[in-house]
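First up is the structure itself, then whatever we jot down about it.
There are 4 protein chains.
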Amino acid sequence: MPELSETVRVRVRFSEVDALQIVWHGNYVRYLEDAREAFGRRYGLEYMHIFESGYFAPMFDMQMRYHHTATVDDELLVKITYRPARGARVVFDYEVTREKDGLLILTASSTQLFTTREGEFEPSCPPFYEEWKRRNGIVL
Amino acid sequence: MPELSETVRVRVRFSEVDALQIVWHGNYVRYLEDAREAFGRRYGLEYMHIFESGYFAPMFDMQMRYHHTATVDDELLVKITYRPARGARVVFDYEVTREKDGLLILTASSTQLFTTREGEFEPSCPPFYEEWKRRNGIVL
Amino acid sequence: MPELSETVRVRVRFSEVDALQIVWHGNYVRYLEDAREAFGRRYGLEYMHIFESGYFAPMFDMQMRYHHTATVDDELLVKITYRPARGARVVFDYEVTREKDGLLILTASSTQLFTTREGEFEPSCPPFYEEWKRRNGIVL
Amino acid sequence: MPELSETVRVRVRFSEVDALQIVWHGNYVRYLEDAREAFGRRYGLEYMHIFESGYFAPMFDMQMRYHHTATVDDELLVKITYRPARGARVVFDYEVTREKDGLLILTASSTQLFTTREGEFEPSCPPFYEEWKRRNGIVL
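One line per chain: the protein sequences are R, F, X and Z, in this order.
Under our numbering, the letters of the first sequence match residues 1 to 140, in that order.
Under our numbering, the letters of the second sequence match residues 1001 to 1140, in that order.
Under our numbering, the letters of the third sequence match residues 2001 to 2140, in that order.
Under our numbering, the letters of the fourth sequence match residues 3001 to 3140, in that order.
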């Protein structure tokens, strides 16, 4: 099965570090989202495409493990990889490294489920997502 | 004319100060919004009420003057005062002080205009806002 | 062993919901921090106390499970509970519920480790933390 | 006198738009900071350089005028221009436009003053800043 992944570069903003001069831990959620949006644009799985197909894909689970700290002006590489999973779930793994030396900063994973536009949980795989998996060679 | 005002207390969060240990200047926009929402609840001018009347009230102009810095765990009082103004505008003045000693931290003002739900600029005063002014004794 | 816990109330701000009108998933990190800071104030485990004892307590692991969505003006209760754990770790569990009906919104947990002020990882339990545990009846 | 300016491109993130699907007005402060940091890197006026010279340059005044709204995935160009001003002030003007069609989104200006590291206001022009002006052909 092909590995679907994308990498984005983010530069740590002054306003993203805290009083200890390190990136405030909550800001990584934003970096992960940057990567997820870039993945969506590359592979045709954008929020808007999901929405136009009649669904939302709200976050269901998120886990982050902080390995090293990062600070102002650090250039970080955020790699996102699609993890094939059965059923109506979108699962991603993430790895954030410091560009200049490859230091591992953060690993993370996220799981999104589907709801209809009315907010009802959708337990079976939406047709557009089945089609997306097929198109990208995801077989389970 | 009556002065319409409201005051909210905010405690500076750890994640709101920057590497210099002072509140990052952009976070005051959030504090001002806290005050504006509390004003809306008190005087019946909430976002949702405006929306249900068929309008949006996007920000048009915002000015902030920083007098002193604030730091983690400071308790701040954010006072918002309605400034009567002709036409289809909602203008507020703000004053942020440190609760324990009254030190002036920030003064600000904001102006919102109206658009229809389709995003068209609305140059004349929406009926619901005329009614709101009348009900609150605002005569111009 | 006593259960050490604290609860804070947060009102969802307009700026905290996303285009789908639900709280953006990253904002819960902030709510959890609110609770952690309140816990620190109540039980004497504030950032500043840790810092003055010669340590930092950076985030090492964070997990969040999203059960239901919340929206603008929802009043949420964020309960934080100290989870006794061996060694040089500070572990908390969290539960976010909607105040008006008790609906479960989010469960989470976080683990912080200790570093010296120079950023060196501290594998053994800092004296101030041993003392804190003893004072609060935490025996392991 | 030469015009000192820099332009950065920002893509509007999903988490930066509000319930009305437009960029939340407070997020522009962040975009402006992105431009200011890029300007600092290009012309040697970074936060760290100022800090190492013995000073801070906290925000003193900020004004923003919102001309049009922007939405998810819009690519915005943020142009920052140094405005020569007498004395111990750093003044910038900003213009945010939508890249695809040049639509004017926001104009803004900011003024920073200097303080010593102890937080004392510095009314006269710091030597490093005089030198910076000279090096960049700023004569007043």
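All C-beta atoms, glycine included, are put in the ideal place defined by N, C-alpha and C.
- Query: With 16 other CB atoms within 10 Å as the buried threshold, where does Z/MET3064 fall?
  - Reply: The residue given as residue 3064 of chain Z occupies position 64 in the fourth sequence. Label assigned to Z/MET3064: buried.
- Query: Going along the chain, which residues of its own chain have a beta-carbon closer than 6 angstroms to the beta-carbon of Z/SER3110, five neighbours each way excluded?
  - Reply: Position 110 of the fourth sequence, counted from the start, is the residue given in the question as residue 3110 of chain Z. Within the same chain, Z/SER3110 has close Cβ partners MET3062 and PHE3092.
- Message: Quick check: what's the CA-CA separation for R/TRP24 versus X/PHE2039?
- Response: Start at 1 with the first residue of the first sequence, and residue 24 of chain R comes out as number 24. Start at 1 with the first residue of the third sequence, and residue 2039 of chain X comes out as number 39. About 19 angstroms.
- Query: Is there contact between the stretch 1113-1131 of chain F and the stretch 9-29 of chain R, where contact requires at least three CB pairs shorter than 8 angstroms?
  - Reply: no
- Whose CA, out of R/GLU95, R/GLU3 and R/ALA57, lies closest to the CA of X/HIS2068? On the third sequence, residue 2068 of chain X is found 68 positions in, with the first residue counted as 1. For the residues R/GLU95, R/GLU3 and R/ALA57, the minimum Cα distance to X/HIS2068 belongs to R/ALA57.
- Task: Please report the residue range of the alpha helix (DSSP H) in which X/PHE2051 lies.
- Result: Counting from 1 along the third sequence, the entry for residue 2051 of chain X is found at position 51. X/PHE2051 -> alpha helix (DSSP H) spans 2047-2052.
- Message: So F/GLY946 contacts chain R; which residues on that side make the cut at Cβ distance below 8 angstroms?
- Response: A query on residue 946 of chain F cannot be resolved here, the shown segment of chain F reaching from 1001 to 1140 and no further.
- Message: Taking only three categories from DSSP, how would you classify F/ARG1036?
- Response: Locating residue 1036 of chain F in the second sequence gives position 36, counting from the first residue. Correct three-state label for F/ARG1036: helix.
- Going along chain X in order, which residues have a C-beta closer than 8 angstroms to the C-beta of F/ARG1030? Here residue 1030 of chain F is taken as the residue at index 30 of the second sequence, counted from 1. Within chain X, the residues near F/ARG1030 are ARG2013 and SER2015.
- Task: Please work out which residues of its chain come closer than 7 angstroms, Cβ to Cβ, to X/ARG2036, disregarding the five sequence neighbours upstream and downstream, and give them in chain order.
- Result: Mapped onto the third sequence, residue 2036 of chain X falls at position 36. Here the set comprises ILE2080 and PHE2092.
- Which residues in the same chain have their Cβ closer than 8 angstroms to the Cβ of R/LEU76, if we skip the five residues on either side of it in sequence? Start at 1 with the first residue of the first sequence, and residue 76 of chain R comes out as number 76. Excluding positions up to five away in sequence, the list reads ARG9, VAL10, ARG11, VAL12, TYR31, ALA70, VAL96, THR97, ARG98, GLU99 and ILE105.
- Would you mind stating whether R/PHE128 and R/SER53 have Cβ atoms separated by less than 7 angstroms? Walking along the first sequence from the start, residue 128 of chain R turns up at place 128. Walking along the first sequence from the start, residue 53 of chain R turns up at place 53. Taking 7 angstroms as the Cβ cut-off, R/PHE128 and R/SER53 qualify as a contacting pair.
- Proximal residues to F/THR1007 (C-beta, below 7 angstroms), its chain only, five neighbours per side dropped: In the second sequence, counting from the first residue as 1, residue 1007 of chain F sits at position 7. Taken in chain order, the residues that qualify are LEU1077, VAL1078 and LYS1079.
- Message: I want to verify the contact list: residues of chain Z whose CB lies under 7 angstroms from the CB of X/VAL2072, in sequence order.
- Response: Counting from one through the third sequence, the residue named residue 2072 of chain X turns up at place 72. Chain Z residues near X/VAL2072: ALA3019.
- Query: Under the rule that 16 or more other beta-carbon atoms within 10 Å means buried, what is X/GLY2026, buried or exposed?
  - Reply: Locating residue 2026 of chain X in the third sequence gives position 26, where the first residue counts as 1. X/GLY2026 is buried by the Cβ-count criterion.
- Query: Can you tell me where the alpha helix (DSSP H) with R/GLU130 in it begins and where it stops?
  - Reply: Along the first sequence, one-based indexing puts residue 130 of chain R at 130. It spans 127-135 - the alpha helix (DSSP H) in which R/GLU130 sits, taken as one unbroken run.
- Task: Please name the residue in Z/ASP3101, Z/GLN3021, Z/ILE3050 and Z/ILE3138 whose C-alpha comes closest to that of Z/GLN3112.
- Result: As a working note, residue 3112 of chain Z is residue 112 in the fourth sequence. Of the listed residues, the one whose Cα sits closest to Z/GLN3112 is Z/ILE3050.
- Helix, strand or coil for R/VAL29 per DSSP? If you number the first sequence from 1, residue 29 of chain R lands on position 29. R/VAL29 falls in the helix class under three-state DSSP.
- Message: Only counting the same chain, and skipping five residues up and downstream in sequence, which positions put a Cβ closer than 8 angstroms to that of Z/TYR3047?
- Response: In the fourth sequence, residue 3047 of chain Z corresponds to position 47, counting from 1. GLU3037, GLY3040 and ALA3057.
- Task: Compute the distance between the beta-carbons of F/TYR1066 and Z/MET3059, then report whether it is under 7 angstroms.
- Result: As a working mapping, residue 1066 of chain F is identified with position 66 in the second sequence. As a working mapping, residue 3059 of chain Z is identified with position 59 in the fourth sequence. Closer than 7 angstroms, so yes.
- Message: For R/VAL139, count the other beta carbons within 10 Å of its own beta carbon; 16 or more makes it buried, fewer makes it exposed. Which is it?
- Response: Residue mapping note: residue 139 of chain R aligns to position 139 of the first sequence, counting from 1. Result: exposed.
- Return the residue from the list F/TYR1094, F/ASP1073, F/GLU1131 and F/GLU1118 that minimises the CA-CA distance to F/ALA1108. Within the second sequence, numbered from 1, the residue matching residue 1108 of chain F stands at position 108. Answer by Cα proximity: F/TYR1094.
- Query: How about R/ALA88 and F/GLN1021: do their beta carbons lie closer than 7 angstroms?
  - Reply: By one-based count along the first sequence, residue 88 of chain R stands at place 88. By one-based count along the second sequence, residue 1021 of chain F stands at place 21. Cβ atoms of R/ALA88 and F/GLN1021: not closer than 7 angstroms.
- Message: Assuming R/THR97 is part of the beta strand (DSSP E), what are its boundary residues?
- Response: Taking the first residue of the first sequence as 1, we reach residue 97 of chain R at position 97. It spans 89-98 - the beta strand (DSSP E) in which R/THR97 sits, taken as one unbroken run.
- Counting only beta-carbon atoms, is R/GLN63 nearer than 7 angstroms to chain X? Counting from one through the first sequence, the residue named residue 63 of chain R turns up at place 63. So, interface residue.
- Item | F/TYR1043 beta carbon less than 7 angstroms from that of F/LEU1103 | In the second sequence, counting from the first residue as 1, residue 1103 of chain F sits at position 103. In the second sequence, counting from the first residue as 1, residue 1043 of chain F sits at position 43. No, the Cβ-Cβ distance between F/LEU1103 and F/TYR1043 is not below 7 angstroms.
- Task: Starting from F/GLU1075, follow the beta strand (DSSP E) in both directions and report where the run begins and ends.
- Result: In the second sequence, residue 1075 of chain F corresponds to position 75, counting from 1. Element bounds for F/GLU1075: 1075-1082.
- Item | Nonlocal neighbours in the same chain, by C-beta distance under 6 angstroms from Z/ALA3085, ignoring five residues either side | On the fourth sequence, residue 3085 of chain Z is found 85 positions in, with the first residue counted as 1. Same-chain partners within the cutoff: VAL3091.
- Message: Just verifying my parser: in three-state terms, what is the DSSP assignment at R/ARG42?
- Response: Counting from one through the first sequence, the residue named residue 42 of chain R turns up at place 42. DSSP places R/ARG42 in helix when its eight states are reduced to three.
- Item | Residue span of the beta strand (DSSP E) that contains F/PHE1060, given as start and end | Counted from its first residue, the second sequence places residue 1060 of chain F at position 60. Element bounds for F/PHE1060: 1059-1066.
- Task: Kindly indicate if chain R contains any beta-carbon less than 7 angstroms away from that of X/PHE2121.
- Result: Counting from 1 along the third sequence, the entry for residue 2121 of chain X is found at position 121. Not one chain R Cβ lies under 7 angstroms of X/PHE2121.
- Give the DSSP-derived three-state secondary structure of X/PHE2056 in the structure shown. As a working mapping, residue 2056 of chain X is identified with position 56 in the third sequence. If DSSP states are grouped into helix, strand and coil, X/PHE2056 belongs with the strands.
- Query: Comparing alpha-carbon positions, which option in X/ASP2073, X/TYR2055 and X/ASP2074 lies nearest X/GLY2119?
  - Reply: Translated into positions along the third sequence, residue 2119 of chain X becomes position 119. The option with the nearest alpha carbon to X/GLY2119 is X/TYR2055.
- At a CB-CB cut-off below 8 angstroms, which residues of chain Z make contact with F/PHE1069? To locate residue 1069 of chain F, count along the second sequence from 1; it is residue 69. The amino acid at residue 1069 of chain F is misidentified as Phe; the sequence shows Thr. The contacting residues are PRO3058 and GLY3119.
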